[in-house]
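Be aware that the sequence shown starts at 636, since it is given in my numbering, and climbs by one per residue.
C-beta atoms are modelled at their ideal positions from N, C-alpha and C, and glycine is treated no differently.
All values reported here derive from a predicted model rather than from experimental measurement.
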Amino acid sequence: MKRYDLRHLKDGFEPRMREILVSHKAGEVAIFLFEIGDFSPIQRSADLVKECGYELLNSLKFNEVDWTIVTKK
């Protein structure tokens, strides 16, 4: 299991998330933490996970501005 904190990228986290998903080991769980702002990044991240061939295991609000998703390939 690996955790990736993408909060510092604000709304521009998707390119880095894609890069991580492409290089991540199959069978290993990846946890991503990112800033949500207006909630549109949640659907975009779910779409990206599916597009990269991963399963979205969990998606939840971490605090007032952060979101966590758990994925596995």
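Can the beta-carbon of residue i be found closer than 8 Å to that of residue j?
i	j	result
residue 664	residue 696	no
residue 649	residue 692	no
residue 642	residue 701	yes
Considering residue i, what are the terminal residues of the beta strand (DSSP E) in which it resides?
i	result
residue 704	701-707
residue 666	664-670
residue 642	Premise fails: residue 642 is in no beta strand (DSSP E) and is neither H nor E.
Assuming the contact rule is C-beta atoms closer than 8 Å, residue i and residue j should be a hit. Round their C-beta distance to whole Å, please.
i	j	result
residue 652	residue 667	6 Å
residue 670	residue 645	6 Å
residue 680	residue 704	6 Å
Quick one: give me the first and last residue of the alpha helix (DSSP H) that residue i is part of.
i	result
residue 679	675-686
When you compare only the Cα positions, how much space is there between residue i and residue j?
i	j	result
residue 659	residue 699	28 Å
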